[in-house]
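Asker:
In our numbering, the protein residues as written are 14 to 320.
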């Protein structure tokens, strides 16, 4: 069974078929088959009402997520699912107060199955597919599967510094992540920058004498940092009226691998009204044992080892 972030299953033919009629839903009852449909209401008791192709489904509050019953997961995790796909397993059938048949669902059981058969088997360095759920100044929250959340801290998003995760990601975006650590309580921490290449891999895309596009990331007293790609930035000479966040055309004066430096000259700049959220991932599956960002000749060694 494949365990996916919520929203990736809803339009698949096998999911549509399972929701197409009450008979197919009965076949799914009592199994661990994970289905998806859209939550349309969170009632006053924080039960989720789910549209099963015109049939009413209900996820009771205590079945809404792992941790709801003991308070480790807040009810906002349920409220925020309205108008969004939710995963679940079918647990039974009942009649509502008007005698209409209702399908009983459990998102919690889907998450427990996901933890047991997928998440609990993660090892540091594993590359997984995730979906961005929300952005905070300190990092990017993602769904690692079945609505189970994890965090990519802002300093783990890219080598090139950013002011906010929104400089890299958008809510609903599918991205690859790397399992950085699994603590004794099973909490997963993630990273992203190791998938975007080393200094050399990124620097090889450029050469001295070229004029290329970049994004101004910070203006310091000694120069202006311009990002050429998410894992590569250079330092330009100071120039008036340059602001962080602007797109700039820069002339590459020199590339110095032993110092991991790229010297730039800003030719022109304009306000950046569009963010490119596409990435040239170097790895999209498997496991990374060790990632060395810096060249062998560099005076400073930067990298990540996964244990």
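Even for Gly, the Cβ is constructed at its ideal location relative to N, Cα and C.
On a Cα-Cα basis, can you pick out the residue from 91, 262 and 226 that is closest to residue 101?
Answerer: One-based indexing of the chain shown puts residue 101 at position 88. It is 91 whose Cα lies nearest to the Cα of residue 101.
Asker: Hey, is residue 116 close to the ligand NAD, as in C-beta under 7 Å from one of its heavy atoms?
Answerer: As presented, the structure is devoid of all ligands, the ligand NAD included, so that no description of it is given.
Asker: DSSP three-state label for residue 284, please.
Answerer: Translated into positions along the chain shown, residue 284 becomes position 271. Here residue 284 sits in coil by DSSP.
Asker: Closer than 6 Å by C-beta to residue 80: which residues in its own chain qualify, once you throw out the five before and the five after it? Chain order, please.
Answerer: For this step, residue 80 is matched to residue 67 along the chain shown. Taken in chain order, the residues that qualify are 86.
Asker: Have a look at 183, 38 and 186 and flag the residue whose alpha-carbon is nearest the alpha-carbon of residue 117.
Answerer: By one-based count along the chain shown, residue 117 stands at place 104. It is 38.
Asker: Would you identify the three-state DSSP class for residue 47, choosing helix, strand or coil?
Answerer: Counting from 1 along the chain shown, the entry for residue 47 is found at position 34. Here residue 47 sits in coil by DSSP.
Asker: Is the number of C-beta pairs between the region 18-36 and the region 156-167 that are closer than 8 Å three or more?
Answerer: In short, these stretches touch, since the Cβ pair count reaches three.
Asker: Quick check: the Cα distance between residue 315 and residue 212, rounded to an integer number of angstroms?
Answerer: Within the chain shown, numbered from 1, the residue matching residue 315 stands at position 302. Within the chain shown, numbered from 1, the residue matching residue 212 stands at position 199. Cα to Cα, residue 315 sits roughly 10 Å from residue 212.
Asker: What residue range does the beta strand (DSSP E) around residue 213 cover?
Answerer: Within the chain shown, numbered from 1, the residue matching residue 213 stands at position 200. Per DSSP, residue 213 belongs to no beta strand (DSSP E); it is in the alpha helix (DSSP H), 212-216.
Asker: Going by DSSP, name the residue or residues bridged to residue 269.
Answerer: Within the chain shown, numbered from 1, the residue matching residue 269 stands at position 256. Answer is 274, bridged to residue 269.
Asker: To the nearest angstrom, report how far apart residue 115 and residue 62 are at their CA atoms.
Answerer: The residue labelled residue 115 in the question sits at position 102 within the chain shown. The residue labelled residue 62 in the question sits at position 49 within the chain shown. Spanning the two alpha carbons is a distance of roughly 10 Å.
Asker: Where does the unbroken alpha helix (DSSP H) through residue 91 begin, and where does it stop?
Answerer: Position 78 of the chain shown holds residue 91. Start and end: 89-92.
Asker: Which same chain residues, not among the five before or five after residue 64, have their C-beta less than 7 Å away from its C-beta?
Answerer: Your numbering for residue 64 matches position 51 in the chain shown. Correct list, in chain order: 50, 51 and 53.
Asker: How about residue 164 and residue 295: do their beta carbons lie closer than 8 Å?
Answerer: Stepping through the chain shown from its first residue, residue 164 is reached at position 151. Stepping through the chain shown from its first residue, residue 295 is reached at position 282. In this structure, residue 295 does not lie closer than 8 Å to residue 164 by Cβ.
Asker: Hey, residue 255 and residue 237 are a contact pair by Cβ (cut 8 Å); roughly how many whole angstroms apart?
Answerer: Indexing the chain shown from 1 puts residue 255 at position 242. Indexing the chain shown from 1 puts residue 237 at position 224. That belief holds up - the Cβ atoms of residue 255 and residue 237 are roughly 6 Å apart, short of 8 Å.
Asker: Mapping DSSP to helix, strand and coil, what is residue 20?
Answerer: Residue 20 sits at position 7 when you count from the first residue of the chain shown. Correct three-state label for residue 20: coil.
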